[in-house]
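Quick note: the sequence shown, position 232, residue 232 per UniProt numbering, numbers continuous.
We put the beta carbon where it would ideally sit given N, CA and C, even for glycine.
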Amino acid sequence: MAEEQKELLARLRRVEIRARGLSHQIFAGEYHSAFKGRGMAFSEVREYRYGDDVRNIDWNVTARFNQPYIKVFEEERELTVMLLVDVSGSRLFGTELLTKKNVMTEVAAILAFSAIQNNDKIGVILFSDRVEQFIPPKKGRKHILRIIWELMSFQPTGKQTDVGGALRYLTNAIRKRCTTFLLSDFLDYEGEALRFTDALNIASNKHDMVGLRVYDPREVTLPNVGLLRLGDAETGRTCWIDSGDAGFRARYHEAAVQREADLQRAFLRAGVDWVNISTAEDYVYPLVKLFKQRG
C-alpha cells in the first residue's frame with residue numbers, strides 16, 4: 001500500500017509539473033481570451049444620456065429625482081469553472097500512448113492550472129452512472145492538487161455512464177452561470193440514441209458548456225489480427241469477434257463514425273463547443289485549436 005501511494009505521489013508531481021508548464025507557456029493567454037467573464041455586475045447609477053438603452057433605466061431612482069437614471073454594469077472577469085469528469089469503466093481503455101483516464105486527468109490538470117492563473121475558482125464533479133463526488137469550486141494550488149489526486153486515485157462505485165445525471169446535478173448544484181468542461185468518451189446510449197441530449201440542452205442554456213471527447217483509435221478502427229475476445233468494461237459482457245472479416249471491420253468503423261456524427265449533432269443543437277482528443281496523439285493541439293476558435 002505504501003509503495004502504491006508513493007507511486008501515486010510521484011505521478012501527481014509529474015502531472016503537476018507538465019500541467020503547470022503547459023498552462024504557463026501555452027494556455028494562459030489562450031484561456032483568458034477564450035473564456036471571458038460572461039456575467040455583468042451592477043456598478044452604479046448615472047443620469048440617462050441620449051442613446052442609452054432604456055431597458056437599463058432604474059425606475060426607483062428616476063422616480064426619486066424626477067429625471068431618468070440608468071443602471072451601469074461592468075463585466076465580471078472572475079469565472080467559476082466546473083470540470084465534469086467521466087470515471088466510468090470505459091475510461092480505463094487505451095491501446096496507444098495513454099489510457100483515456102490518463103488523458104482526462106492531464107487535460108483536467110491543465111484546465112485547472114489555467115483557471116487559477118486567471119484567478120478563477122474551479123470545482124469538479126466525478127461521475128459514472130451516478131455522481132460519485134462533488135468538489136465545490138475554490139482557488140489555490142492546494143485545491144488543484146487535491147483535484148488531480150482524486151482524478152488519479154478515485155475508485156468509483158459505479159461502472160456505467162450517465163452523462164445526463166451529471167449534467168442535471170450541475171444544473172441544480174451551481175446556481176450562477178459558470179464555464180463547464182465535460183470530459184468523457186460519451187458512450188452513453190439507449191439503443192442507438194444518446195441518452196443525455198435533453199439534459200445537455202438544459203445545462204447549456206444555463207452554463208457555458210464545452211465538450212471534450214476523449215477516445216481511443218481502436219474504438220474507431222479495428223486492426224486485422226484474427227480472432228479477438230472483446231470485453232465491455234461497463235457491463236462486464238464479453239464476446240469473440242473475427243477481426244479478419246473485412247465486412248465486420250467496415251461495419252465496426254461505420255458504427256463509430258455514426259456515433260461521432262450523433263454526438264456532433266447533439267452538441268450543435270445545444271450550442272456547445274467541442275473537440276476530439278485521441279489517446280494516440282498529443283492533446284495540446286486540439287486544446288489550442290479549441291481555445292483559438294473561441295477567442
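- Burial check for V225: the Cβ neighbour count within 10 Å stays below 16, so the residue is exposed.
- The alpha carbon of E96 has as its nearest neighbour, out of Q293, D282, K206, G158, the alpha carbon of D282.
- When A270, Y252, K159 are compared, the shortest CA-CA separation from D86 is found for K159.
- By the C-beta criterion, the stretch 202-212 is judged to be in contact with the stretch 273-291, since at least 3 inter-stretch pairs fall below 8 Å.
- By the Cβ criterion, the stretch 127-138 is in contact with the stretch 158-174, since at least three pairs of Cβ atoms, one from each stretch, lie closer than 8 Å.
- Between M82 and the set V45, K142, R177, the nearest pair of CA atoms involves R177.
- Nearest C-alpha to D52 among N119, F248, A63, Y69: Y69.
- Beta-carbon to beta-carbon, R20 and F113 are separated by about 5 Å, close enough to satisfy the 8 Å threshold.
- A distance of 8 Å or more separates the beta carbons of D185 and S278.
- The Cβ atoms of A108 and L151 sit closer than 8 Å to each other.
- The Cβ neighbour count for K101, taken over all protein chains shown within 10 Å, is at least 16; the residue is labelled buried.
- Counting other Cβ atoms within 10 Å of its Cβ, H207 reaches 16 or more and is therefore classed as buried.
- Spanning the alpha carbons of A115 and Y48 requires a straight line of approximately 37 Å.
- CA-CA distance, A246 to K6, rounds to 46 Å.
- In the three-state reduction of the DSSP assignment, P286 falls in the helix class, which pools H, G and I.
- For R46, the beta-bridge partners assigned by DSSP are I70.
- Looking only at L22, E219, V272, the smallest Cα-Cα distance to L111 is reached by L22.
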